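*Asks:* Just so you know, our numbering puts 29 at position 48 of the sequence shown, and the rest follows in order with no gaps. Every residue gets a Cβ at the ideal spot worked out from N, C-alpha and C, and that includes glycine. Predicted model only: the values in this text are computed from it and were never measured.
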Amino acid sequence: MLPNDPVMLLSYINLKLRDFYPSLEAFCEDTGEDLQKIVDKLRQIEYHYDEEKNQFV
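1) Apart from the five residues on each side of it in sequence, which residues of its chain come closer than 6 Å, Cβ to Cβ, to residue 26?
2) How about residue -10 and residue -2: do their beta carbons lie closer than 7 Å?
3) Ordered along the chain, which non-local residues of its own chain (more than five positions away) have a Cβ less than 8 Å from that of residue 8?
4) Taking 7 Å as the limit between beta carbons, can you name the residues of its chain near residue 36, skipping five residues before and five after?
5) Just to confirm the assignment, what range does the alpha helix (DSSP H) spanning residue -8 have?
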């Protein structure tokens, strides 16, 4: 289960992407999480996914 707070979600997702997954898509496929919900939640705090860096910036 993902953190509901956007700031906590940012920390959690970036850690997972850095340490375990080559892309956000791979994370979502493996965990069954909804990619668009993650993107929308982090957009609330003005973060977007950078494919090149494989993190939200």
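*Replies:* Looking at the atomic coordinates:
1) Translated into positions along the sequence shown, residue 26 becomes position 45. Cβ neighbours of residue 26 beyond the five flanking positions: -13.
2) By one-based count along the sequence shown, residue -10 stands at place 9. By one-based count along the sequence shown, residue -2 stands at place 17. Taking 7 Å as the Cβ cut-off, residue -10 and residue -2 do not qualify as a contacting pair.
3) By 1-based counting over the sequence shown, the position of residue 8 is 27. The answer, listed in chain order, is -6, -3, -2, 1, 2, 14.
4) Your numbering for residue 36 matches position 55 in the sequence shown. Only -5, -2, -1 meet the Cβ criterion.
5) Residue mapping note: residue -8 aligns to position 11 of the sequence shown, counting from 1. Residue -8 -> alpha helix (DSSP H) spans -13 to 0.
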